[in-house]
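**Student:**
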Amino acid sequence: MKVIGINASPRKKANTQTLIEAALAGAADKGAETRLVNLRELQINGCLGCEGCKKQLGKCVQKDDLTPLMQEMTTFDAIVLGTPVYWYHVSAQFKILVDRLYSFFDLGVDPQTGKTTIKSAFPAGKELLMFISRGDPEPAPMYGQFYKHLDEWLNIVPFSLGAGQFEFIHQYGANLDRKSAANDVELIQKARLAGEKLTIRES
Ligand SMILES: Cc1cc2nc3c(=O)[nH]c(=O)nc-3n(C[C@H](O)[C@H](O)[C@H](O)COP(=O)(O)O)c2cc1C
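Counted from 1, the sequence shown has number 615 at position 67 by the numbering used here; the numbering is strictly sequential.
#1: Let me know if Met621 comes out buried or exposed under the rule of 16 or more other beta-carbons within 10 Å of its beta-carbon.
#2: Are Ala602 and Asp654 touching if we call contact CB-CB under 8 Å?
#3: Is the beta carbon of Val657 less than 8 Å from the beta carbon of Val551?
#4: Between Ala688 and Lys643, what straight-line distance do the alpha-carbon atoms span, to the nearest angstrom?
#5: Measuring alpha carbon to alpha carbon, tell me which of Leu587, Arg740, Glu686 ends up nearest Ala640.
#6: Closer than 6 Å by C-beta to Thr582: which residues in its own chain qualify, once you throw out the five before and the five after it? Chain order, please.
#7: Would you mind sorting Ala672 into buried or exposed? The rule is 16 or more other CB atoms within 10 Å of its CB.
#8: I'd like to confirm the pairing. Which residues does DSSP put opposite Lys550 in its beta bridges?
#9: In this structure, does DSSP put Pro558 in helix, strand or coil?
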């Protein structure tokens, strides 16, 4: 069992990373082989929209650090992702990852039915755990309706990965305190247990 954690927070050892590490520790306790990748340490570019991947599905033409990482992601049994909330959305690093996963997708139209067809070269059925850390408490003090959009949008992540089981864990009220997750015993325990759960396949 192999589990990869991908941290999309630009802040080193802050809340998102702490939560991913807790989950990876939980999975490792149950015998999983784990690896943590911090997107902030990689050279990553946004999607070019060149459609080069449609000629060779699953192969992004870009030569940056994300191209091999996306290939590596296909080899893991479970994926743990984490992002801070930035301006009511995910971080730029996280959005780049999701945009680039488009390289596995071919969206078309069935000429007979006119319906959208979806072909994905990303191996389906992987387990997914996702952490979303935000400064605001719940309920949000202002523009709370924007979080509805975020919550809905987040469903694109399991969809783009063709995930099997998936779970979202939100951290609320972190403010800008990078140690708030580390100081929240209950949340760390929840993250750890979610990581352990990744090693148990539910049928
Ligand atoms: C540019 C920026 C934008 C942010 N926007 C929001 C926001 O819209 N809503 C919110 O609740 N917190 C917002 N925050 C706070 C972060 O989500 C919060 O501090 C989070 O815990 C950061 O995760 P990290 O510790 O892993 O970096 C923002 C922080 C930054 C730096």
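Positions of the beta carbon are idealized from the N, C-alpha and C atoms, including for glycine.
**Tutor:** Put simply:
#1: buried
#2: According to the sequence shown, residue 602 is Lys rather than Ala. Yes, these two residues count as a Cβ contact at 8 Å.
#3: no
#4: 22 Å
#5: Leu587
#6: Val551, Leu572, Ala575, Ala576
#7: exposed
#8: Glu581
#9: coil
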